[in-house]
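Visitor:
There are 2 protein chains.
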Amino acid sequence: MLGEKWTMLIVRDAAAGKTRFSDFTDSLGVSTDVLTDRLATLVSAGVLERRSYRSDGSRMRFSYHLTETGVELNTVLAALTAWGDKHRPTEAGPSTFYREVASKRPVTVTFLSEDGIILEPAQVEVAPITRR
Amino acid sequence: MLGEKWTMLIVRDAAAGKTRFSDFTDSLGVSTDVLTDRLATLVSAGVLERRSYRSDGSRMRFSYHLTETGVELNTVLAALTAWGDKHRPTEAGPSTFYREVASKRPVTVTFLSEDGIILEPAQVEVAPITRR
DNA sequence: CATGCTGACTTGGGATGCCCAAGTTAGCGT
DNA sequence: ACGCTAACTTGGGCATCCCAAGTCAGCATG
């Protein structure tokens, strides 16, 4: 369900603090019919939560916020961002980075072995689970 | 360039040791014209390497192998797999897991602070880089 | 209470991408 | 010369996406 064209980009923007329908169209350029559909599937998958809000002088609006489930996609986003920054850099360089909320210092995404040792991607493999 | 429908699934299968054109069609069910195109873009992006091989009694064939750049997507794949296993489990349960090559013991993907402390996704935020 | 305004959709028509089935190509063995 | 097979290529149909325009629901203003 995350594999459709705009889905992860919407999640990324949501993680960056965007909440409103027009925030997403403005920053992504996604067409509005597709955005409506993707927001609905993300809400029903429990990644986003739809809230009503009301700023004075205007009517009720909706905003979209990452749930705890959605926040857990931060790991995926940060790993993907790190890969893109390293292997497919833009001329302007990266425009965002991931940091610790408390200290504001940058963080990394890494593999850890059971005894807490950092592993490189090449030291990791995928293996089938065999049940009897 | 990783965002198209079958791209990450092909990378995942390549990480699981699949190498041949027919391996990918058999396990993914991707149509052959699309597979041809995705393999070509992955090769030209430096994620896969195309090799010729020859088993006796048959003609030259091609096989596709992850490059070092491609192997570094393991972090993304493992993070995504962990999220899916937790939040969108199938009835049958997970069919693969990520493990250390040397010890065969399972590994995890986590955020690390600069002083090597494990951080939860909720303790991490994305911030803009401001250049002067 | 009529009118304008705006954010969040909804709709219609065309373009792009994907699926499926069938066909093609290039060696190798017989 | 012929069959065999993995790796494509091609053509037609269908699903998804894009874009522009329209709708709808309040809130403010006159």
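So the protein lines, in turn, are chains A and B.
Under my numbering, the first residue of the first sequence is numbered 7, with each subsequent residue one higher.
Under my numbering, the first residue of the second sequence is numbered 7, with each subsequent residue one higher.
Using N, Cα and C, we set each Cβ at its ideal position, and we do this for glycine too.
Note that the structure is predicted; figures quoted are calculated from it, not measured.
#1: Residues of chain B with a CB under 7 Å from the CB of Gly9 of chain A: which are they?
#2: Could you check what DSSP says for Thr102 of chain B in three-state terms: helix, strand or coil?
#3: Leaving out five residues on either side along the sequence, give the residues of the same chain with a beta carbon under 7 Å from the beta carbon of Thr38 of chain B.
#4: With DSSP as the reference, identify every bridge partner of Phe68 of chain B, one or two as the case may be.
#5: Using a Cβ-Cβ cut-off of 7 Å (strictly less than) and excluding sequence neighbours within five positions of Gly52 of chain A, which residues of its own chain qualify?
#6: So with CB distances below 7 Å, who are the chain B contacts of Ala133 of chain A?
#7: CB-CB under 8 Å to Val130 of chain B, same chain, minus the five flanking residues each way: which ones, in chain order?
#8: Exposed or buried, which one is Thr81 of chain A when buried takes at least 16 other CB atoms within 10 Å?
#9: Following the continuous alpha helix (DSSP H) through Ala84 of chain A, name the residue where it begins and the one where it ends.
#10: Considering only their Cβ atoms, is the gap separating Ala85 of chain B from Ala85 of chain A smaller than 8 Å?
#11: Which first and last residues belong to the alpha helix (DSSP H) in which Ser114 of chain B is found?
#12: Between the Cα of Pro127 of chain B and those of B:Trp89, B:Phe27, B:Met7 and B:Ala22, spot the shortest distance and give me the residue it belongs to.
#13: Quick one: what's Val130 of chain B bridged to in DSSP?
#14: On a CA-only basis, which of A:Thr114, A:Asp43, A:Thr25 and A:Gly23 is nearest Met7 of chain A? Give me that one, please.
#15: Please go through the same chain and pick out, in chain order, the residues whose beta-carbon is closer than 6 Å to the beta-carbon of Val49 of chain A, but skip the five residues on each side of it.
Guide: The relevant details are as follows:
#1: Along the first sequence, read from residue 1 onward, the residue named residue 9 of chain A stands at position 3. By Cβ distance, chain B contributes Lys11.
#2: For the purposes of this step, residue 102 of chain B is identified with residue 96 of the second sequence, where counting begins at 1. Per DSSP, reduced to three states, the secondary structure at Thr102 of chain B is strand.
#3: Walking along the second sequence from the start, residue 38 of chain B turns up at place 32. Within the same chain, Thr31 come within 7 Å of Thr38 of chain B by CB-CB distance, once the 5 residues on both sides are set aside.
#4: Sequence index remark: in the second sequence, residue 68 of chain B carries index 62 (1-based). Answer by DSSP bridge pairing, in chain order: B:Ser58.
#5: Along the first sequence, read from residue 1 onward, the residue named residue 52 of chain A stands at position 46. For Gly52 of chain A, where only same-chain residues beyond five positions count, the Cβ hits under 7 Å are Thr73 and Thr75.
#6: Position 127 of the first sequence, counted from the first residue, corresponds to residue 133 of chain A. Correct list: Thr102, Phe103 and Arg105.
#7: Taking the second sequence and counting its residues from 1, the one referred to as residue 130 of chain B is at position 124. These residues qualify, in order along the chain: Phe117.
#8: Taking the first sequence and counting its residues from 1, one reaches residue 81 of chain A at position 75. That one is buried.
#9: Residue 84 of chain A sits at position 78 when you count from the first residue of the first sequence. Counting along the chain, the alpha helix (DSSP H) containing Ala84 of chain A begins and ends at Asn80 to His93.
#10: For this step, residue 85 of chain A is matched to residue 79 along the first sequence. For this step, residue 85 of chain B is matched to residue 79 along the second sequence. Contact: yes.
#11: Residue 114 of chain B sits at position 108 when you count from the first residue of the second sequence. Looking at the sequence itself, residue 114 of chain B is Thr, so the reference to Ser does not match. Residue range Thr114 to Leu118 is occupied by the beta strand (DSSP E) that includes Thr114 of chain B, with no alpha helix (DSSP H) assigned at that position.
#12: Here residue 127 of chain B refers to the residue found at position 121 of the second sequence. The residue with the shortest Cα to Cα distance from Pro127 of chain B is B:Trp89.
#13: Here the question's residue 130 of chain B lines up with position 124 in the second sequence. Paired residue(s): A:Glu106.
#14: Looking up residue 7 of chain A in the first sequence gives position 1. Checked all of A:Thr114, A:Asp43, A:Thr25 and A:Gly23; the closest Cα to Met7 of chain A is A:Asp43.
#15: Taking the first sequence and counting its residues from 1, one reaches residue 49 of chain A at position 43. Contacts found: Arg56.
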